[in-house]
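Participant: Questions regarding the structure given below will be posed in turn.
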Amino acid sequence: MFKSRFNFYFPILYYLGEFVVIFISTHIMLAYTHTKWTYLNYLFIGFWFFISIGLKSHVVGRDIKKWNLIKSSLKKLFLFSGLMSILNLLFVRMEFFLLTIIIAATLFYFLMILYRLSVDSLLENYRATGGNIIKCLVIGHNSHGIELYNEIVDHPELGYRCEGVYSYAKKTKLIKNVPHLGYFTALSEKKIMEYDRIFFSQKLNTKSQEKIIKIADHLNLKVSSIPDLAFYDVKNFFISKISTVPYISINKLPLDNTLNIYLKRSFDIIFSFLVITLILSWLTPLLGLIIKISSKGPVFFVQKREGLKGRVFECIKFRTMILNEESDITMANDNDKRLTKFGKFLRLSTLDEMPQFINVFFGDMSIVGPRPHPLKLNKEYSDKILKFNKRHRYKPGITGLSQVSGYSGFISSFDDMNKRVKTDIFYFKNWSFLLDLKIIFKTFLIMAKGVLRLN
37 MFKSRFNFYF PILYYLGEFV VIFISTHIML AYTHTKWTYL NYLFIGFWFF ISIGLKSHVV
97 GRDIKKWNLI KSSLKKLFLF SGLMSILNLL FVRMEFFLLT IIIAATLFYF LMILYRLSVD
157 SLLENYRATG GNIIKCLVIG HNSHGIELYN EIVDHPELGY RCEGVYSYAK KTKLIKNVPH
217 LGYFTALSEK KIMEYDRIFF SQKLNTKSQE KIIKIADHLN LKVSSIPDLA FYDVKNFFIS
277 KISTVPYISI NKLPLDNTLN IYLKRSFDII FSFLVITLIL SWLTPLLGLI IKISSKGPVF
337 FVQKREGLKG RVFECIKFRT MILNEESDIT MANDNDKRLT KFGKFLRLST LDEMPQFINV
397 FFGDMSIVGP RPHPLKLNKE YSDKILKFNK RHRYKPGITG LSQVSGYSGF ISSFDDMNKR
457 VKTDIFYFKN WSFLLDLKII FKTFLIMAKG VLRLN
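Heads up: the sequence shown is residues 37 to 491, going by this note's numbering.
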């Protein structure tokens, strides 16, 4: 009973805290713009809580990661800002400077995150010291049960407690450092009632599983099964339903999420537009003139490459080599004789890749992703390397995790390509907007080092 009250009051605490934060942020913005508090401010606050409730952003969960809290809050802030901007344009027409709105939204966001993380840290400390705990009965003295036991022991802040693992009925091999508490079938109802939740391994036979569920229902205890996902990447599976039939999506990745797709594409459009207008607008004529003076041929080198779902597109680069018939057959390296003197500078500084922001703007590429290969190179390795074609599940990038991890440039062996593919797949499985920003930052550092190498 205490636990249900606990889970009821904590969301209220989150809402009250956010009310204080939005109240303070609004007053700071009003003071900055020299405007008065009106009924519209109450309307805006009401909309905020309406969005919060709709997105279920204050669910108290023991397995909710801090990064997910930050993403959820950011999603909420984007939705709120967009809705308020539309209402302001259509009905209210309050005159605020864009900078003022950005400052207020940023202040509100960071205060809100700081508050939520502080409360969550207090909750974790409370659980780690024995408060609001769930006492677990784990059945299955096998890899499933032992793995769950170890996770519970290693993470006391989640609030689960487990004294050891039970076998179902038959003799079992004892494992060091994992207490074997006996056999579930020998437990009395009174003993089972001391626990809050039952976990059992799906490696148990069907009859045993049915009996455990029946006992849990009889004693009104929550029961959960530990799925047999030994061959799957547990991080990337999701349980869904078609009508009443459940199924497990085994290889769903973060960039399959619609919101993440829109977030990444929005960033690509804004970033590439800024680069095209603020940098390429003057850099292209300048570099184009030098390229023309230094060697005969066009300013740009355009090559067919494979992109999203294997679709072929024309990848644009500044030309770095003399005109030759092998450009589509033989990859260039840093000491290639076909490179012009100015071409070496472009390659070392990676300025030759800059026109690909045009590819990004028109949707053929992304800022961050696996590098697109020439068609011949893909054909050579697609059947040799496991999961090679997974690289084409999403858009290729100007830069990527492989590039900042040292797996860029000339491919001289099977091992070079294999490492690149593994790194690209790791990127997809672990994608986050923050990871993209880290890769972009590291790319700038690599560009700076390339320029220094020229000196």
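We put the beta carbon where it would ideally sit given N, CA and C, even for glycine.
If you're wondering where the values come from, they're calculated on a predicted model, not measured in any experiment.
Per the DSSP calculation, T435 is bridged to which residue(s)?
Facilitator: Stepping through the sequence shown from its first residue, residue 435 is reached at position 399. Answer is V404, bridged to T435.
Participant: Which same chain residues end up closer than 7 angstroms to I475 when comparing Cβ atoms and leaving out the 5 residues on each side of it in sequence?
Facilitator: Along the sequence shown, read from residue 1 onward, the residue named residue 475 stands at position 439. Cβ within range, chain order: V404, T435, G436, L437 and V440.
Participant: In or out: M37 buried (at least 16 other Cβ within 10 Å) or exposed?
Facilitator: Translated into the one-based positions of the sequence shown, residue 37 becomes position 1. Note that M37 scores 39 on pLDDT, short of 50, meaning its location in the model is unreliable; the coordinates nonetheless yield the value given after this. Result: exposed.
Participant: Under 8 angstroms: do the region 157–169 and the region 185–195 share three or more Cβ pairs, one atom per stretch?
Facilitator: yes
Participant: Hey, is the region 305–320 in contact with the region 407–420, meaning 3+ C-beta pairs nearer than 8 angstroms?
Facilitator: no
Participant: Distance check for G200 and V457, CA to CA, integer angstroms please.
Facilitator: Counted from its first residue, the sequence shown places residue 457 at position 421. Counted from its first residue, the sequence shown places residue 200 at position 164. When rounded, the distance between both Cα atoms is 41 angstroms.
Participant: In whole angstroms, what separates the C-alpha of Y417 from that of F393?
Facilitator: Numbered from its first residue, the sequence shown carries residue 417 at position 381. Numbered from its first residue, the sequence shown carries residue 393 at position 357. Near 27 angstroms, if we compare the C-alpha coordinates of F393 and Y417.
Participant: Measuring straight from C-alpha to C-alpha, what distance separates R355 and D388?
Facilitator: For the purposes of this step, residue 355 is identified with residue 319 of the sequence shown, where counting begins at 1. For the purposes of this step, residue 388 is identified with residue 352 of the sequence shown, where counting begins at 1. As the crow flies, the alpha-carbon of R355 is around 7 angstroms from that of D388.
Participant: Name the one or two DSSP bridge partners that P282 has.
Facilitator: Here residue 282 is taken as the residue at index 246 of the sequence shown, counted from 1. DSSP output for P282 lists K277 as bridge partner(s).
Participant: Using 8 angstroms as the threshold, is the region 377–384 in touch with the region 451–468, meaning 3 or more CB pairs across them?
Facilitator: no
Participant: Give me the Cα-Cα distance between P432 and I358, rounded to the nearest whole angstrom.
Facilitator: Position 396 of the sequence shown, counted from the start, is the residue given in the question as residue 432. Position 322 of the sequence shown, counted from the start, is the residue given in the question as residue 358. Computed Cα separation, rounded: 26 angstroms.
Participant: Taking a contact to mean a Cβ-Cβ separation below 8 angstroms, would you say I284 touches F235 in this structure?
Facilitator: For this step, residue 284 is matched to residue 248 along the sequence shown. For this step, residue 235 is matched to residue 199 along the sequence shown. No, the Cβ-Cβ distance between I284 and F235 is not below 8 angstroms.
Participant: For R41, which residues from the same chain have a beta carbon less than 6 angstroms from its beta carbon, with the 5 sequence-adjacent residues on both sides left out?
Facilitator: As a first step, residue 41 must be located in the sequence shown, where it is residue number 5. Summary for R41: the model assigns pLDDT 49, below 50, so the residue's position carries little reliability; its value from the coordinates is reported in the next sentence. Closer than 6 angstroms at the Cβ level, and outside the excluded window around R41, lies no residue.
Participant: Identify every run of the alpha helix (DSSP H) within the region 313–361, keeping only runs that are complete inside it and at least 4 residues long; order them along the chain.
Facilitator: 317–330
Participant: Determine whether the Cβ of D190 lies closer than 8 angstroms to any Cβ atom of chain B.
Facilitator: The structure shown contains no chain B; it holds only a single protein chain.
Participant: Going by other Cβ atoms of all chains shown within 10 Å of its Cβ, with 16 needed for buried, is G167 buried or exposed?
Facilitator: The residue labelled residue 167 in the question sits at position 131 within the sequence shown. Exposed, because fewer than 16 other Cβ atoms sit within 10 Å of the Cβ of G167.
Participant: What three-state label does DSSP hand F33 in the structure shown?
Facilitator: Absent from the structure is residue 33, since the part of the chain shown begins at 37 and ends at 491.
Participant: Nearest-angstrom Cα distance between S61 and P215?
Facilitator: As a first step, residue 61 must be located in the sequence shown, where it is residue number 25. As a first step, residue 215 must be located in the sequence shown, where it is residue number 179. When rounded, the distance between both Cα atoms is 52 angstroms.
Participant: Would you mind sorting S385 into buried or exposed? The rule is 16 or more other CB atoms within 10 Å of its CB.
Facilitator: Walking along the sequence shown from the start, residue 385 turns up at place 349. Classification for S385: buried.
Participant: Can you tell me whether K474 is helix, strand or coil according to DSSP?
Facilitator: By 1-based counting over the sequence shown, the position of residue 474 is 438. Correct three-state label for K474: helix.
Participant: So for G492, helix, strand or coil by DSSP?
Facilitator: Missing from the structure shown is residue 492; the chain here goes from 37 to 491 and no further.
Participant: Can you tell me whether DSSP reads G399 as helix, strand or coil?
Facilitator: Here residue 399 refers to the residue found at position 363 of the sequence shown. DSSP places G399 outside both helix and strand once states are collapsed to three, so it counts as coil.
Participant: Strictly by DSSP, which residues pair up with K258?
Facilitator: In the sequence shown, residue 258 corresponds to position 222, counting from 1. Bridge partners of K258: R233.
Participant: With V201 as the anchor, note down where its alpha helix (DSSP H) starts and where it stops.
Facilitator: Indexing the sequence shown from 1 puts residue 201 at position 165. Unbroken run through V201 is the beta strand (DSSP E), V201 to S203; no alpha helix (DSSP H).
Participant: Which residues in the same chain as P391 place their Cβ atom closer than 8 angstroms to its Cβ, once the five residues preceding and following it in sequence are excluded?
Facilitator: One-based indexing of the sequence shown puts residue 391 at position 355. Closer than 8 angstroms at the Cβ level, and outside the excluded window around P391, lie L316, T320, F336, I352, K353 and F354.
Participant: Please report the distance separating the alpha-carbon of S109 from that of F59.
Facilitator: Here residue 109 refers to the residue found at position 73 when the sequence shown is read from its first residue. Here residue 59 refers to the residue found at position 23 when the sequence shown is read from its first residue. Between S109 and F59, the C-alpha separation is close to 17 angstroms.
Participant: Let me know if V281 comes out buried or exposed under the rule of 16 or more other beta-carbons within 10 Å of its beta-carbon.
Facilitator: The residue you call residue 281 lines up with position 245 of the sequence shown. So V281 counts as exposed.
Participant: Which class does P47 belong to by DSSP, given the choice of helix, strand or coil?
Facilitator: Against the sequence shown, residue 47 aligns to sequence position 11. Helix.
Participant: Looking only at C-alpha atoms, which of I447, S402, L143 and N454 sits nearest to L492?
Facilitator: Given that the chain is displayed from residue 37 to residue 491, the structure contains no residue 492 and the question cannot be resolved.
Participant: Are the CB atoms of I447 and L413 within a distance shorter than 8 angstroms?
Facilitator: One-based indexing of the sequence shown puts residue 413 at position 377. One-based indexing of the sequence shown puts residue 447 at position 411. Against a cut-off of 8 angstroms, the Cβ pair of I447 and L413 comes out as a contact.
Participant: Quickly, what does DSSP pair L52 with across the bridge? List them, please.
Facilitator: Residue mapping note: residue 52 aligns to position 16 of the sequence shown, counting from 1. In DSSP, L52 forms no bridge with anything.
Participant: Which whole-angstrom value describes the C-beta separation of T245 and D264, a residue pair presumed to lie in contact below a C-beta threshold of 8 angstroms?
Facilitator: Looking up residue 245 in the sequence shown gives position 209. Looking up residue 264 in the sequence shown gives position 228. Residue identity check: residue 245 is Gln in the sequence provided, not Thr. That pair is no contact at about 12 angstroms.
Participant: Grouping DSSP H, G and I as helix and E and B as strand, with all else coil, what is L110?
Facilitator: Start at 1 with the first residue of the sequence shown, and residue 110 comes out as number 74. Three-state result, L110: helix.
Participant: Which residues in the same chain as M148 place their Cβ atom closer than 7 angstroms to its Cβ, once the five residues preceding and following it in sequence are excluded?
Facilitator: Within the sequence shown, residue 148 is the residue found at index 112, counting from 1. Same-chain partners within the cutoff: E54, V57 and S109.
Participant: Does DSSP classify R152 as helix, strand or coil?
Facilitator: Position 116 of the sequence shown, counted from the start, is the residue given in the question as residue 152. Three-state DSSP puts R152 in a helix.
Participant: By Cβ distance below 8 angstroms, which residues in the same chain neighbour K39 in space, the five residues on each side in sequence not counted?
Facilitator: Taking the sequence shown and counting its residues from 1, the one referred to as residue 39 is at position 3. Confidence at K39 is low in this model, with a pLDDT of 49, below 50, so the placement of that residue should be treated as unreliable; the coordinate-derived value is given next. Excluding sequence neighbours, K39 sits near N168, I170 and D232.
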